[in-house]
Structure formats: C-alpha cells, structure tokens
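Worksheet for the structure shown next.
Residue numbers (my numbering): 276 to 416.
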C-alpha cells in the first residue's frame with residue numbers, strides 16, 4: 276500500500292488521470308442508465324375512449340357509453356368498470372383481475388367494442404388500449 280501511495284505522491288498526474296477517467300465513466304453510465312422516478316407496473320387496466328365532436332354529455336351517455344358498457348359486461352376477467360361521459364367524448368376504465376391475462380381480456384374487449392355497429396354517425400372509432408400504471412398512480416389513460 277505504501278508503494279501505491281508513494282507512486283501517486285511522486286507522479287500526481289496519474290492520480291488526476293484516474294479521477295478524470297472514473298468521473299467520465301460515471302457520467303457515461305448515468306446518461307445510459309434506464310431510470311424512472313416512479314417505477315412502471317405491469318398494466319392491470321384497459322381504457323376505452325370515443326370522441327364524438329359536438330355531442331352533449333347526455334348524447335354521449337345514451338348513444339355510446341351505455342352501448343359499450345353493455346357489450347363489455349359479458350367479458351370475463353373484468354373486476355371493475357367505471358365510465359365517464361363528457362362533452363365530445365367518453366372514457367371507460369376497466370380494471371382486470373390480478374390473475375387474468377391482460378392481453379386476452381384486451382382482445383375480448385376490443386372484439387366486444389368493435390361488434391357494436393349502432394354508434395351515432397359522427398362518432399369516431401373507439402380506441403381500446405392498455406393503461407400504463409405507475410407506483411404512485413392508480414391509472415393513466
């Protein structure tokens with residue numbers, strides 16, 4: 276150990292070089308490291324959204340939301356479903372059981388929603404997606 280210390284005392288440029296290389300490797304590693312402030316959890320929610328420009332919440336509720344809820348009601352693997360109808364759009368959030376296969380439930384929900392052919396003429400095609408979940412939030416759509 277004394278030889279190492281005496282070497283760096285005699286040749287301080289090498290000590291500085293090792294410090295610079297260590298800092299550069301650290302900065303490079305920090306820049307390339309995958310990180311997230313809130314860890315992402317496996318998705319356990321499915322979101323269904325429909326946009327209908329110019330429609331009131333009541334028109335959305337009666338013409339779209341109720342039809343989607345009735346179509347989805349028979350899908351297995353759904354623990355809870357909540358919907359929201361507002362001006363120009365509706366969104367439905369579906370919580371899936373922990374032991375259910377999210378991809379299979381997603382396919383079943385997509386099939387159920389796509390089988391509805393009685394949406395109002397101005398309504399856009401429904402979007403069905405897995406909602407990303409983070410440690411601090413219940414769901415984000």
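Just so you know, even glycine gets a beta-carbon here, dropped at the ideal spot from N, CA and C. It should be emphasised that the depicted structure is a prediction, and the values quoted were computed from it without experimental measurement.
Would you mind working out which of the options sits nearest residue i, comparing C-alpha positions?
i: residue 327; options: 318, 342, 309, 362; result: 362
i: residue 344; options: 281, 294, 385; result: 385
For residue i versus residue j, is the C-beta distance shorter than 8 Å?
i: residue 346; j: residue 377; result: no
i: residue 364; j: residue 335; result: yes
i: residue 353; j: residue 388; result: no
i: residue 373; j: residue 319; result: yes
Where does residue i fall in DSSP's three states?
i: residue 336; result: helix
i: residue 382; result: helix
i: residue 394; result: coil
i: residue 401; result: coil
i: residue 281; result: helix
Within 8 Å, do at least three Cβ pairs link the segment 350 to 369 to the segment 294 to 302? no
May I have a chain-ordered list of the alpha helix (DSSP H) segments no shorter than 4 residues that lie completely inside the segment 302 to 348? 332 to 335, 341 to 347
Evaluate contact between the segment 283 to 294 and the segment 337 to 352, counting only Cβ atoms and requiring at least three cross-stretch pairs below 8 Å. no
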